[in-house]
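Residue numbers (the numbering used here): 22 to 276. Ideal placement from N, C-alpha and C gives every residue a C-beta, glycine not left out. Small disclaimer: the values here were computed from a predicted structure and weren't measured.
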């Protein structure tokens, strides 16, 4: 048995250096590895490349690294609620590759499975396949760097675009339960990108709310086997944030 537990989040990310690429789990603010991100923000790493569904929100998650100008490039499917993300992109401070959400998920999964590329119908006939999507702007708003065209082939009468898989230097994920050997259980929507990001990282670092001994997790309940995980840090319950609060009027108010 291999004990993969490290003492602190700082120890867990100690070798994340400038220029590193990060595959980061979570969806919006759900299931994000917030303590690991904060530990990187406390260090000196900059010029980072990030693969994630989105880039957090202003002041939360990856938004912390973004506000500190620590991120050079982001591959994501959603700009969302992060005003600083949009501002840096539109002013030429940040390079952004927007990717269909399902394609991004499969690019991460394929990278973890050792598959270099795959064909998908998503994006055929659009700038995703044709090229020309602005990846980086000049400060004056003109396009500094645009996406190249991608190979399109026909299979059984339908066209598909070739997408290359993603691998990253590090994967950062959040799990509800993890054992000391790295077997992980994710909670509800945190299943969306955390397992895929974990697979795509050459070194996978997991923060877990509850740390247990080997054998305490029913093998049938394991969402990600420990073979994919290199380091585990026990962070305790997550301070969950709400990305966008929506409430209904109180009953009987007439509003």
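Alpha carbon to alpha carbon, what distance is there between residue j and residue i?
i	j	result
residue 283	residue 161	This structure does not reach residue 283, given that the chain is present from 22 up to 276, and the question cannot be answered.
residue 38	residue 65	7 Å
residue 23	residue 201	8 Å
residue 139	residue 269	44 Å
residue 81	residue 88	10 Å
residue 76	residue 163	23 Å
residue 143	residue 246	30 Å
residue 174	residue 181	5 Å
residue 120	residue 48	15 Å
residue 260	residue 183	40 Å
residue 31	residue 158	34 Å
residue 210	residue 194	13 Å
residue 62	residue 169	32 Å
residue 197	residue 208	6 Å
residue 256	residue 205	14 Å
residue 113	residue 165	8 Å
residue 68	residue 90	8 Å
residue 186	residue 132	5 Å
residue 266	residue 199	30 Å
residue 234	residue 26	11 Å
residue 240	residue 249	15 Å
residue 54	residue 177	42 Å
residue 102	residue 79	8 Å
Taking only three categories from DSSP, how would you classify residue i?
i	result
residue 53	coil
residue 221	helix
residue 154	coil
residue 238	coil
residue 138	strand
residue 227	strand
residue 33	helix
How close, in whole Å, do the beta carbons of residue i and residue j come, if the pair is a contact with beta carbons under 8 Å?
i	j	result
residue 214	residue 74	5 Å
residue 85	residue 58	6 Å
Would you say residue i reaches chain D, if we count a Cβ-Cβ gap shorter than 9 Å as a contact?
i	result
residue 198	Reference to chain D is not applicable here, since this structure consists of a single protein chain.
Consider the C-beta atom of residue i and the heavy atoms of the ligand ATP; say whether any pair is separated by less than 8 Å.
i	result
residue 104	In the structure on display, the ligand ATP does not appear, and there are no ligands present to speak of.
3-residue-minimum beta strand (DSSP E) runs that sit fully inside the region 185-216, ordered along the chain: 189-200
Does the region 114-130 come close enough to the region 148-157 that 3 or more CB-CB pairs lie under 8 Å? yes
Identify every run of the beta strand (DSSP E) within the region 60-133, keeping only runs that are complete inside it and at least 3 residues long; order them along the chain. 69-72, 92-97, 116-119
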